[in-house]
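Below is one structure; the comments refer to it alone.
Protein chains: 2
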Amino acid sequence: MNTKTFALKGTICFSASPQELSIAEDSWLVCENGRCAGVFPTLPEKYQGIPCRDTGSCLIIPGLTDLHLHAPQYSFRSTGMDLELLDWLNTYTFPEESRYADLSYAKKAYRIFADDLKKSATTRASVFATLHVEATELLMDLLEQTGVKTLVGKVNMDRNGSPVLQEASAGESIAETERWLTEISGKYRNTAPILTPRFTPSCSDELMRKLSEIQKRTGLPVQSHLSENPGEIAWVQKLCPTTHFYGEAYDQFGLFGGQNCPTIMAHCVYSTDQEIALIKERGVYIAHCPQSNTNLASGIAPAKRYLQEGLNIGLGSDIAGGTSISILRAIADAIQASKLHWRLTDESRQPLSLEEGFYLATAGGGSFFGKVGSFREGFEFDAVILDDSSLPCPRTFTPRERLERLIYLGDERNIAGKYVEGSRIF
Amino acid sequence: MNTKTFALKGTICFSASPQELSIAEDSWLVCENGRCAGVFPTLPEKYQGIPCRDTGSCLIIPGLTDLHLHAPQYSFRSTGMDLELLDWLNTYTFPEESRYADLSYAKKAYRIFADDLKKSATTRASVFATLHVEATELLMDLLEQTGVKTLVGKVNMDRNGSPVLQEASAGESIAETERWLTEISGKYRNTAPILTPRFTPSCSDELMRKLSEIQKRTGLPVQSHLSENPGEIAWVQKLCPTTHFYGEAYDQFGLFGGQNCPTIMAHCVYSTDQEIALIKERGVYIAHCPQSNTNLASGIAPAKRYLQEGLNIGLGSDIAGGTSISILRAIADAIQASKLHWRLTDESRQPLSLEEGFYLATAGGGSFFGKVGSFREGFEFDAVILDDSSLPCPRTFTPRERLERLIYLGDERNIAGKYVEGSRIF
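If you're matching them up, the sequences are chains A and B in order.
Oh and the first sequence: position 168 is 295 in our numbering, straight run, nothing missing.
Oh and the second sequence: position 285 is 412 in our numbering, straight run, nothing missing.
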């Protein structure tokens, strides 16, 4: 047996369904060749003798997935929180991202980001870089070393940027993308490319068409933004007057899901019924980013509806619209946002339960990466060990209550261990 | 010169007005006999030779005030987040508070609470205990030792409680209150009593009348809850059919502010124009508790309106409706909630700015305790030293941006020092 076969012992918790937690106290979670072999009350005969890490009373949960974040924005997170999306991009974000032309700046910044991502409960992430090829490759080098499985996108943007942050033409953007894909080809085990048109206002039709050609040729996944802010949506409608809703601005170029084009769209705060129907039909993943939607005063996405209607949905930190890289925190944020959505917008949708929030962060988003986010047999072994002993209390709690406390109160200090596809990160 | 005369050196930041920060880099903040003597670019001649603590590049801000929290609920914070107010009280809160009849439980629980309050950025707090006199006195003993200045209320509740948490009659509730006030009389320097009718549904008319008599005799301040949740408000209207709005249920007994009855009312999410007018007329302090209002799906209080209309308003953690004891976090929560309020409820009110959120947490709430919450001359010297060196970043920030980062990202690890009325806590 190789080093990817072992057991963890503790209180094991994962989503049996979006509405139900499976909790096994004082049990064994077996990893066999990097895949989950199951949860057992006692270690089965056939696994006797494999290495075992006894976590004592710790909780063991599936690794969390961050479906949407901007690595270069980690450097200025939690500042400049006073503007809406479009002004925020022009005032704070584009100037900051332009700094990544300077590799020494990128190195300092991305090292901090990669270190913090490694310490977090995140085991899978889909990441925006900047338009700069060298800095994007540097980011991928650093992420590769973390052991976290990531998709990373060199950003495409050939219009409506700023003098310091825009590619000169669709041709240049595509040439740089091809160069990037060639330079990283075969280079990494833990990180892989994802095509990343920033959002419709940043990408000319020609750029979208050519990106779609690359997508069809390579089968690469796609990530972008969708229906985040009313001002943005109105602008897209002007830019694409023939479309009936924002999602069509991607779909008209074949960059909106479907079997051969796995796609993540961040936000979906204001998706219309038609747009929601197409998202569902194409299997597009929604990256629900509640903290960002609050900080940029975008609004509250109807996450409960998406879940109830069977759409693919997970959570995103959306650094730096969001300030915290913690997907535990994003669970709490999602539940809290859904409560205000119920109260202020739509009393017919109950708020997200703890179970549902946890599901979004694990199996919900994880499935974009394959069989990820669960401890059912055959799933890739992504696991996080949560230690709540630093959260003192005078009473005992059930495992579910302990999970709830960790979601609301926990931070990186409570993350005692992490495994990705059977490899121990720490 | 005594030990309460000294200087702190660092980047000094306080509210010049609700809309404006005063920031002095590399400056001296002088404490003279426990009062603030001013902020100086160089140490004035007359203070040469006084002890000085050089905080390097740390930020120094006024101590924060928590206008509303329930100490006994700290033990179960971050669990049971799935119910609205009234069900939450009956299901989780009343059973937990009943445990404080057991002094050994109270000791364990309150020690944890007092330790965490001490480590926080809070220098003043108004605290609900339980109805139990002995446990309330124990809490006051422990809070006394923290050095934080607190008001603590033995809770009054003689109706609609639970079999395990209710006083048998108004007479018993009053007798216990009198016993408590007698037993603690003259005992403490840092903690003091505040009359605490839980909320109208918990207090009979007779109890309110008799509490008012105590209030008039002693001049003690009062704290309670107001207009938090639609179900609660409808219930109060049934219980008090002659009142025109919830606030009148207190006001009819003389327990709603005015010159001789300093009063804090928590929440005010749904205060009517009439209620708001009376709050203003009587100088009642609003404890704005955004995290709690979100967690209990109560809604969003119009904090911006209260501030613009000149009402007295500060922030409350409202443990355990709120999960975090951090008033830095409460600033972020208040700003975030105000953004959603703007977007979803009232686009005529701009969200709270960073400056306004900071003001609420310092001078806004602090003024309930006297000249507290500012570094202007003559103010009681409450100061917190914030160290952001553990929040790495590749670039430099302005002092305002550093403050913003600490508000969104900081926790107790970033609190490097604390002073209350000139006494060093750590």
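All residues carry an ideal CB built from backbone N, CA and C; glycine is no exception.
The model shown is predicted, which means the values in this text are computed figures rather than measured ones.
Only Pro519, Cys520, Pro521, Arg522, Phe524 and Glu528 from the segment 510-529 of chain B bring a Cβ to less than 7 Å from some Cβ of chain A. By the C-beta criterion, the segment 231-244 of chain A is judged not to be in contact with the segment 295-315 of chain A, since fewer than 3 inter-stretch pairs fall below 8 Å. By the criterion of a C-beta distance shorter than 8 Å, A:Ser184 is surrounded in its chain by Gly137, Thr138 and Ser516, once the five residues flanking it on both sides are discounted. Residue pairing by DSSP puts A:Gly165 in a beta bridge opposite A:Val157.
When C-beta distances to chain B are compared with 8 Å, every residue of the segment 329-351 of chain A stays at or above that value. Contiguous alpha helix (DSSP H) elements confined to the segment 343-397 of chain B occur at 357-366 and 373-378, taking only those with 4 or more residues.
Here B:Gln386 is exposed, its C-beta having fewer than 16 other C-beta atoms within 10 Å. Residue environment for B:Thr345: exposed (fewer than 16 other C-beta atoms within 10 angstroms of its C-beta). Taking a beta-carbon distance threshold of 8 Å, A:Thr421 counts as an interface residue toward chain B. B:Thr249 is a Cβ neighbour of B:Ile454, given a cutoff of 8 Å.
Within the segment 477-495 of chain A, those residues whose Cβ lies closer than 9 Å to any Cβ of chain B are, in chain order, Pro478, Ser480 and Leu481.
Contact between A:Leu467 and B:Thr450 does not hold, since the beta-carbon distance rounds to 16 Å and is not under 8 Å. In terms of Cα proximity to B:Gly190, the closest of B:Arg476, B:Val547 and B:Leu270 is B:Val547. Looking only at A:Thr182, A:Phe383 and A:Cys140, the smallest Cα-Cα distance to A:Leu347 is reached by A:Phe383. Within the model, the alpha-carbon separation for B:Arg529 versus A:Thr323 is close to 31 Å. Nearest to A:Ser398 by C-alpha distance, out of A:Gly381, A:Asn356, A:Leu423 and A:Leu366, is A:Asn356. The beta carbons of A:Pro521 and B:Tyr232 sit closer together than 8 Å. Taking a beta-carbon distance threshold of 8 Å, B:Trp362 does not count as an interface residue toward chain A.
Residue range Tyr412 to His415 is occupied by the beta strand (DSSP E) that includes A:Ile413, with no alpha helix (DSSP H) assigned at that position. Residues of chain B whose Cβ lies closer than 7 Å to the Cβ of A:Arg470 are, in chain order, Ala424 and Gly426. A:Ile458: member of the alpha helix (DSSP H) spanning Ile454 to Leu471, first to last residue.
Separation of B:Gly544 and B:Glu152 (C-alpha to C-alpha, rounded to the nearest whole angstrom) is 18 Å. Sequence-distant Cβ neighbours of A:Leu196 in its own chain, meaning closer than 8 Å and more than five residues away, are Ala252, Ser253, Val254, Phe255, Gly443, Ser444, Asp445, Ile446, Gly449 and Ile452.
Taking the Cβ atoms as the reference, B:Cys163 lies roughly 5 Å from B:Phe506, within the contact range of under 8 Å. For A:Arg532, the C-beta contacts it makes with chain B under 7 Å involve Ser205 and Thr206, in order along the chain. Closest in alpha carbon position to B:Lys337, among B:Ile177, B:Ile301 and B:Leu156, is B:Ile301. With respect to chain A, the C-beta atom of B:Tyr232 has a partner C-beta closer than 8 Å. The Cβ of A:Lys246 sits no closer than 8 Å to any Cβ of chain B. Spatial neighbours of B:Leu481 in its own chain (CB-CB distance under 6 Å, excluding positions within 5 residues in sequence) are listed in chain order as Glu531. Assigned with DSSP and collapsed to three states, A:Gly500 falls in coil, not helix or strand.
The Cβ of B:Ala393 sits no closer than 8 Å to any Cβ of chain A.
Nearest C-alpha to B:Gln477 among A:Gly437, A:Leu423, A:Asp473 and A:Gly491: A:Leu423. Minimum Cα-Cα distance from A:Leu434 among the listed residues A:Arg226, A:Gly426, A:Glu333 and A:Gly410 corresponds to A:Gly410. In this chain, the beta strand (DSSP E) harbouring A:Val547 covers Ile542 to Val547. Assignment of beta strand (DSSP E) within the segment 272-343 of chain B, counting only whole runs of 3 or more residues, yields 276-280 and 318-320 in chain order.
For A:Asp193, no chain B residue has a Cβ inside 8 Å of its Cβ, as the nearest lies near 17 Å away.
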